[in-house]
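*Asks:* Numbering (numbering that gives the first Met the number 0), first residue to last: 0 to 118.
Backbone N, C-alpha and C define an ideal beta-carbon position, used for all residues, glycine too.
Computed from a predicted model, the values in this text were never measured in an experiment.
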Amino acid sequence: MFAMTEKRLALLGKPQVSWLMCPTCRQHTDCRNIAYAVDRRNMSCPSSSVVSENSEASTNVQGSYSTKIEAVTRRILWITSTNPVAKVLVFSSWNDVLDVLEHAFAANNITFVRMKGGR
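Written out as structure tokens, the structure is:
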């Protein structure tokens, strides 16, 4: 379940479908399960939260990967586009996931260093 601000609801209007898609994981969420919250940040600029959310959602990922790999790649692309000196750490217990992320990062010109531990 995720929260939608009243400002965003006012800007977008009432959903025409019975579900919305999560912008991060693309999972369908029934509209009845959405909690609405008052956004007291940036009261002077009502569209600022929508613009920042759309910025990440509109970030293009090169290549075709799983939903989660694309979401991680998209988030890193968005972070580095808003803050070029930002550093991101990605942890996984599965080397196969890191292999796919490595490929996605290379395809999207994301500079990375991969460290492997041993037992």
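So, using beta-carbon positions, are Val96 and Leu76 closer together than 9 angstroms?
*Replies:* Not in contact: Val96 and Leu76 (Cβ atoms no closer than 9 angstroms).
*Asks:* Any idea which residues DSSP pairs Thr28 with across the strands?
*Replies:* Thr28 pairs with Leu19.
*Asks:* Using CA atoms only, rank isn't needed, just tell me which of His27, Ser65, Leu100 is closest to Arg113.
*Replies:* For the residues His27, Ser65, Leu100, the minimum Cα distance to Arg113 belongs to Leu100.
*Asks:* Using three-state DSSP, classify Thr106 as helix, strand or coil.
*Replies:* Looking at the sequence itself, residue 106 is Ala, so the reference to Thr does not match. Of the three classes helix, strand and coil, the one that applies to Ala106 here is helix, per DSSP.
*Asks:* Along the chain, where does the alpha helix (DSSP H) that runs through Ser57 open and close?
*Replies:* Neither: Ser57 is in no alpha helix (DSSP H) and is coded neither H nor E.
*Asks:* Is it buried or exposed, Val71, if we count other Cβ atoms within 10 angstroms and call 16 or more buried?
*Replies:* Buried is the call here.
*Asks:* Rounded to the nearest angstrom, what separates Val50 and Asp29 at their Cα positions?
*Replies:* Any reading at Val50 must be qualified, since the residue scores a pLDDT of 45, below 50, and its modelled position is unreliable; the value itself is stated next. Looking at the two C-alpha atoms, the distance is approximately 24 angstroms.
*Asks:* In three-state DSSP terms, what is Ala70?
*Replies:* In this structure, Ala70 counts as helix in the three-state DSSP scheme.
*Asks:* Can you say whether Asn82 is buried or exposed, counting buried as having 16 or more other CB atoms within 10 angstroms of its CB?
*Replies:* So Asn82 counts as exposed.
*Asks:* Determine whether the Cβ of Ala85 lies closer than 9 angstroms to any Cβ atom of chain B.
*Replies:* Given the protein chain composition of this structure (a single chain), no chain B is represented.
*Asks:* How about Arg74 and Glu55: are their beta carbons less than 9 angstroms apart?
*Replies:* Contact: yes.
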